[in-house]
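Engineer: Here you go, one structure.
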Amino acid sequence: NLDKAVAALKVSADKGNHYASYHLGKIYADPESNYFNLDKAVAALKVSADKGNHYASYHLGKIYADPESNYFNLDKAVAALKVSADKGNHYASYHLGKIYADPESNYFNLDKAVAALKVSADKGNHYASYHLGKIYADPESNYYNLAKAIEYFGSSAKDGNVMAEISLNRCQYKLESNSSQPLDIAYDSLKTSTEILNGLSSIVKLLAKALRNNTQDCINNRNNAVDKKVLLKRKQKEKQTQTQENEFNMY
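Its first residue numbered 50, the sequence shown is counted upward by one per residue in this note's numbering.
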């Protein structure tokens, strides 16, 4: 009964109990609550944060980090989240990591992003693992590493993150597709040897081309089959997971 909860918490908060202010702030910050009011949420959470409650700082940080909020302010968001992260709140580290990983943010810093996300991923936060996988899967990133991307996507997928599962499949087939490259390397090596090429170069070339085409056809057929399967799974599951991270952010 939220009416009774708010009434009781107000009594305690008015007596100086900042923990009551903290819980009031969470109720006011909940967009699904009939009491949703960000002005009251920020005011109540500040009371508790100023008394050293780092969980209140965490919730303030999330409000400040929301670009759709009238209180959007990355400077305040980072400051508040740091306070909570430094107290061991790995969820605060997760939100910091997302800010650091955003190339459009003034705080963009992949070193800090990876460090913060790892803190949360090591605590079992599969959303943090998913974002780490995205960093390692980006070929333009200094952290590009398909093996690590597969590791983190796999960890997140095991916990039910469908987007991580889709990304995992893409990375796995990208890694397997690269295995066709040794054919080109082998052919180039053969071409440089005059003893082998003498009288046999045309045969070697045709064989290498046939093997290469056959390998590529197999890869293309497999990728097409996988793409169809992934698209089907995405249609079936994506609706169920669109709000997954939003629901997580409520805690």
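Just so it is clear, CB atoms sit at the ideal spot from N, CA and C, and this is done for glycine as well.
1. For A213 and K59, what's the separation of their Cα atoms in angstroms?
2. Three Cβ pairs or more, each shorter than 8 Å: is that satisfied between the segment 177–193 and the segment 206–220?
3. Do you know whose CA, among H72, S61, D187, lies nearest Y104's CA?
4. Checking 9 Å against the spacing of the C-beta atoms, do A206 and L224 come in under that value?
5. So S142 and S169 are supposed to be a Cβ contact under 8 Å. How far apart are they, rounded?
6. What residue range does the alpha helix (DSSP H) around S118 cover?
7. Threshold first: 4 residues or longer. Then list the alpha helix (DSSP H) segments lying entirely within the segment 80–136, N to C.
8. Assuming A62 and S70 are in contact, meaning their beta carbons sit under 8 Å apart, how far apart are those beta carbons, in whole angstroms?
9. What does the alpha-carbon distance come out to for the pair A98 and L123?
Structural biologist: On the basis of the supplied data:
1. 42 Å
2. yes
3. H72
4. no
5. 5 Å
6. It is not in any alpha helix (DSSP H) - S118 carries neither H nor E in the DSSP assignment.
7. 87–98, 103–114, 123–134
8. 4 Å
9. 17 Å
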